[in-house]
Every structure is written in structure tokens, then in C-alpha cells.
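Working notes, beginning with the structure itself.
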Amino acid sequence: MADGSTLPISQVEVGDLVQAVDEITGETTISPVSDVIIGHGTKDLVTLSVDADGDGRSKKITATANHPFFVQGRGWIDAFQLIPGSRLSNPTGFAPTVTATSRTQAVRTVFNLTVAGSHTYFVATDGRSALVHNCARYIPKKRNVLNWWHPTRFSSKSAAIRHAKQVARTGGRCRYRGPCGSGNHVHVDFINRFGRIFRTNHYRW
1 MADGSTLPIS QVEVGDLVQA VDEITGETTI SPVSDVIIGH GTKDLVTLSV
51 DADGDGRSKK ITATANHPFF VQGRGWIDAF QLIPGSRLSN PTGFAPTVTA
101 TSRTQAVRTV FNLTVAGSHT YFVATDGRSA LVHNCARYIP KKRNVLNWWH
151 PTRFSSKSAA IRHAKQVART GGRCRYRGPC GSGNHVHVDF INRFGRIFRT
201 NHYRW
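Residue numbers for the sequence shown follow my numbering, beginning at 1 and rising by one.
The following block contains the structure:
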């Protein structure tokens, strides 16, 4: 939940505040639940054994087979595709690690959440949490990248490159990229925690 506590998903209600992740910036946010989705019937289920805190002891999370989890270095992966060693995502930066998986079919009532402004939320095990998406077979939507142009032109190509590389070295999660298109400018791409570009700076000469 928003305050760091946990609650069984069956007890979460519309309007409750939860931790989510902005898919553009990768920042953790607090957002209200806008819908609780309930399904019942024969479900294809995956049970994950997860070492949540590195102590060598695993707790279990059960999810429908096509429920996407965020795996560090790989992106959104359906539960049935997770393997031992998959490192999940946690708001504290710690990576809960999958140690084993099993798959079965059973009659179950299952729950999912729609979160306003985001389609992500965290599920908890052993006091730690893992980032999941509420869309089965999630395919990232194409989104516009924020483009920012330096307000003045540099005196030379080398000056623009030198400045851009300095920004890339000191700007955090970002990278230098050379000329494209007209060829009269270079770029610095800013990258969110999902490995996606959300902003590009342009430096002209």
C-alpha cells in the first residue's frame, strides 16, 4: 500500500492508495486504485518461490500464468516464462529473486487491479514486493519522447559534442548519441528504469 504496509489483494478497494511505477519516467508514485477486477473459474496458475531479502529462504507468490512481472534487465515477462534466477523489481532497489516455479490448473477466484495513471502495482511476499503489470500479454505502447533543444547553437561541432558528452557523464541514467537526420546536432538520451528513452536533449552547432 502507499504507506508501505501490505494487504491481501482480495481486500483492496477502489480508492485505496498503492505504490505504482510511472512507465515513462520509471519513478515510483502513489496512485489510487480505480477498479478491482475479479475472475472465477479454472485458471492456469504459476507459483513462484521467491527469495525476497537474500536470506536464502523463499516465500511463495501465486499468479495467473500470463500475469506480467518486471524482470531486471529483461522487462515485462509473463509469470509462466519466469525461471530460477529471474531478478524482480522492488521499490527499495533490492531485487527479489525467483528460486523455483511450478505450474498447475485449478478452480480459483483471482483478482487484478487497475491503478489510475498507471497499469502497474506491487505484490508482496515476506515483507518485500515485486512489480507487476495489470495487462496480460503486455505490449508497451508507443509514447512520445520529450524532446528538449539547447536554447543556443554551439560555435562548432566539437564544442557541441564536448558539452553533450559532459551532460551524459554527469546526468545519471543517460547516454550520448551522435548526429542523425540533418546531421547538425548531437543527442543525450535519458533512460528510465525499464530501459526506455523518455527524454532526448539536442545540442546544435
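For every residue, glycine included, the Cβ atom is placed at its ideal position computed from N, Cα and C.
Every value quoted in this text rests on a predicted model; they were computed, and no experiment measured them.
Taking just the CA atoms, how far does residue j sit from residue i?
i, j, result
"Asp187", "Val21", "Note on identity: in this sequence residue 187 is His, with Asp being the wrong assignment. Near 26 Å, if we compare the C-alpha coordinates of Val21 and His187."
"Ser58", "Val50", "5 Å"
"Ala159", "Glu27", "33 Å"
"Ala2", "Val12", "12 Å"
"Ile83", "Ser156", "51 Å"
"Gly117", "Pro96", "25 Å"
"Ala52", "Phe80", "19 Å"
"Val107", "Asn147", "49 Å"
"Ile38", "Arg74", "29 Å"
"Thr29", "Asn112", "19 Å"
Starting from residue i, trace the alpha helix (DSSP H) in both directions and tell me its first and last residue.
i, result
"Val167", "Lys157 to Thr170"
Looking only at its chain, what residues have a beta carbon closer than 8 Å to the beta carbon of residue i, apart from the 5 residues adjacent to it on each side?
i, result
"Val123", "Ile9, Ile61, Ala63, Ser129, Ala130 and Val132"
"Gln105", "Thr42, Lys43, Asp44 and Leu45"
"Ala168", "Cys174, Arg175, Tyr176 and Val188"
"Arg204", "Trp149, His150, Arg153, Phe154, Ala160, Asn184 and His185"
"Val71", "Ile77, Leu82, Ser86, Arg87, Leu88 and Ser89"
"Phe190", "Gly171, Gly172, Arg173, Cys174, Ile197, Phe198, Arg199, Thr200 and Asn201"
For the beta strand (DSSP E) containing residue i, name the first residue and the last one.
i, result
"Thr47", "Thr28 to Asp51"
"Leu17", "Leu17 to Val21"
"Trp205", "From DSSP, Trp205 is part of no beta strand (DSSP E); its letter is neither H nor E."
"Cys174", "Cys174 to Arg177"
Keeping to the same chain, check which residues put their C-beta closer than 6 Å to that of residue i; ignore five residues upstream and five downstream.
i, result
"Pro140", "With a pLDDT of 48 at Pro140, under the threshold of 50, the predicted position of this residue should be treated as unreliable, and no value is reported."
"Pro32", "Gly15, Leu17 and Ala116"
"Asn192", "Thr25, Gly26 and Phe198"
Would you please state the rounded distance, in angstroms, between the beta carbons of residue i and residue j? I believe it to be under 8 Å.
i, j, result
"Leu48", "Thr109", "About 19 Å; that fails the 8 Å criterion."
"Thr114", "Glu23", "Not really, about 14 Å apart at Cβ, beyond 8 Å."
"Gln19", "Pro68", "That belief does not hold up - the Cβ atoms of Gln19 and Pro68 are roughly 17 Å apart, past 8 Å."
Quick one: residues in its chain with C-beta nearer than 7 Å to the C-beta of residue i, no 5 flanking neighbours on either side, listed in chain order?
i, result
"His163", "Phe154 and Tyr203"
What ranges does the beta strand (DSSP E) occupy inside the stretch 73-143, keeping only unbroken runs of at least 3 residues that lie completely in it?
Complete beta strand (DSSP E) runs here, min 3: 75-78, 97-115, 120-125 and 128-133.
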